[in-house]
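**Student:** After the structure tokens below, expect a handful of questions from me.
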Amino acid sequence: LNQKYTWQDFLKEHPEHREKKTKRTSAEGKKAFEAAYKVFVKKYLSEREEKTAKIVSKTAEKKKALIAKSTEYRKAGNTIKTATAVRKIGAMDAAIARNEKLIERSKTLQKNFK
């Protein structure tokens, strides 16, 4: 997260500090940058959480469709396609778990970020 928002980004958003020639290490510069950094990080984490939630919902929909297909394959007796579908379902389960873990990390980061 530290590399997502730099002093140069801060100066682009707040040109008044560039005009004043505020130094990054000065007391005023540190205070202003930290305030802007907090706002940026909270916005960034909430956007990341929303994107990840969309990915989880899309993956869950694809998984439901694949489960329906696998039951059709099983009823038809096509073991090769059934096995392939089951592997894909397992991969989607893993992706959903990874993304839900990312959502939880984003939430805890937002809570703990002061």
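Note that our numbering has the sequence shown beginning at 1, numbered continuously upward.
From the three backbone atoms N, C-alpha and C, an ideal C-beta is built for every residue, glycine too.
Remember, predicted model here, so these are calculated numbers, not experimental data.
#1: Quick one: Cα of residue 103 to Cα of residue 79, how far?
#2: For residue 10, does the count of other Cβ atoms within 10 angstroms reach 16, so buried, or fall short, so exposed?
#3: Check residue 77 in the structure and name its three-state DSSP category.
#4: Could you compute how far the alpha carbon of residue 61 sits from the alpha carbon of residue 47?
#5: Which two residues bound the contiguous alpha helix (DSSP H) that contains residue 8?
#6: When you compare each of 26, 93, 15, 3 to residue 64 by their alpha carbons, which one comes out closest?
#7: Does residue 71 come out as helix, strand or coil in the three-state DSSP assignment?
#8: What residues in its chain sit with their C-beta under 7 angstroms from that of residue 7, if we drop five residues either side in the sequence?
**Tutor:** According to the data block:
#1: 36 angstroms
#2: buried
#3: coil
#4: 22 angstroms
#5: 7-13
#6: 93
#7: helix
#8: 24, 33
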